[in-house]
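Visitor: Residues in the sequence shown are numbered from 926 upward in steps of one, following the working numbering. No residue lacks a Cβ here, since even glycine has one placed at the ideal position from N, Cα and C.
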Amino acid sequence: MHKLSTTAAAIGLGFLLAGCGTIGPAQGQDPAIASLKAANLAFETVCMPVVLDGADFLALAKARGMVPMEPAARGTTTSSHAFRVGLTGVAATQWEDGSCVVSAQTGNTEQLQAQTLASLKKRGHAMTLRVSGSPAINNGVGAVYCNPDLLPLILAVTTPASKSTNGHAMIATLYRADTADTCPRANGV
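1. I'd like to confirm the pairing. Which residues does DSSP put opposite V1082 in its beta bridges?
2. Report the partner residues of H1006 according to the DSSP bridge assignment.
3. What are the start and end residues of the beta strand (DSSP E) that includes A1029?
4. Between K987, G1011, L1080, A980, which lies nearest to M1095 when the distance is taken from Cα to Cα?
5. In this structure, does DSSP put P1073 in helix, strand or coil?
6. Rounded to a whole number of angstroms, what is the C-alpha to C-alpha distance between A1097 and P1077?
7. Look at the alpha carbon of A1105 and the alpha carbon of D1074, and state the distance between them as a whole number of angstroms.
8. On a Cα-Cα basis, can you pick out the residue from L966, C1108, D1103 that is closest to V1015?
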C-alpha cells in the first residue's frame, strides 16, 4: 500500500479547490472581491435553493466544493450543517429551524448586503425593508426584509456597528415564516 505524503495531498487538494474557485483569493485579487464572490456562491447556490426550493443543504454544499466545519450553536439551537467556502472567510450554515445563514468575515458590508437582496430579486422575491437599525448579534446593526408571500420570506441581515467591529462584515439569515403575521411591521406599525 502506498501512502501519499501530506504535502502532496495538500497540493493536490489546493489544485482541486482552486479549479473550483473556492480556495480563496487568487494571487493579487482583492480579498473583498473574493469575499463577495464566495458569499454570492454560498447564498445563491446553497441557501436560496434550500429555503426557496427545499433542496438538500448537505448535497449542495458538497457539490460546490465547500469544506465541512464543526456545527455551531446559538442559544440552545445547534446547526445541522456548517460549511466554509475555502479560505475566503465565508461560511454557510443550516440551522435546525430550517433557516440558512451566510456569514462573511471580511468585505464591503454595503456590497454584500446589496448583492444578497439582488440575488433574491433575480429569483422573483422583491424584499421590503421592515425594520432597520435595531441592535443585533455581534454588536451590529440589524435589518429585516420581507416579501408579501402568504408565508413571508424573511431576510435578517446583521452588519457591524462600525468599521472597528471585530465581527463579521455581514451575516445574512434567510428563512420562511411560519405565519403571515411573522414579519415585523415598518417602524413598529
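Guide: The relevant details are as follows:
1. Your numbering for residue 1082 matches position 157 in the sequence shown. Per DSSP, A1068, A1097.
2. Taking the first residue of the sequence shown as position 1, residue 1006 is located at position 81. DSSP lists Q1019 as partners of H1006.
3. Numbered from 1 along the sequence shown, position 104 holds the residue referred to as residue 1029. Here the beta strand (DSSP E) through A1029 covers 1025-1029.
4. The residue you call residue 1095 lines up with position 170 of the sequence shown. Measuring from the Cα of M1095, the nearest candidate turns out to be L1080.
5. Position 148 of the sequence shown holds residue 1073. Coil at P1073, not helix or strand.
6. Within the sequence shown, residue 1097 is the residue found at index 172, counting from 1. Within the sequence shown, residue 1077 is the residue found at index 152, counting from 1. Spanning the two alpha carbons is a distance of roughly 16 Å.
7. For the purposes of this step, residue 1105 is taken as residue 180 along the sequence shown, with counting starting at 1. For the purposes of this step, residue 1074 is taken as residue 149 along the sequence shown, with counting starting at 1. Approximately 8 Å, taken between the alpha carbons.
8. If you number the sequence shown from 1, residue 1015 lands on position 90. In this structure, L966 is the residue among L966, C1108, D1103 with its C-alpha nearest to the C-alpha of V1015.
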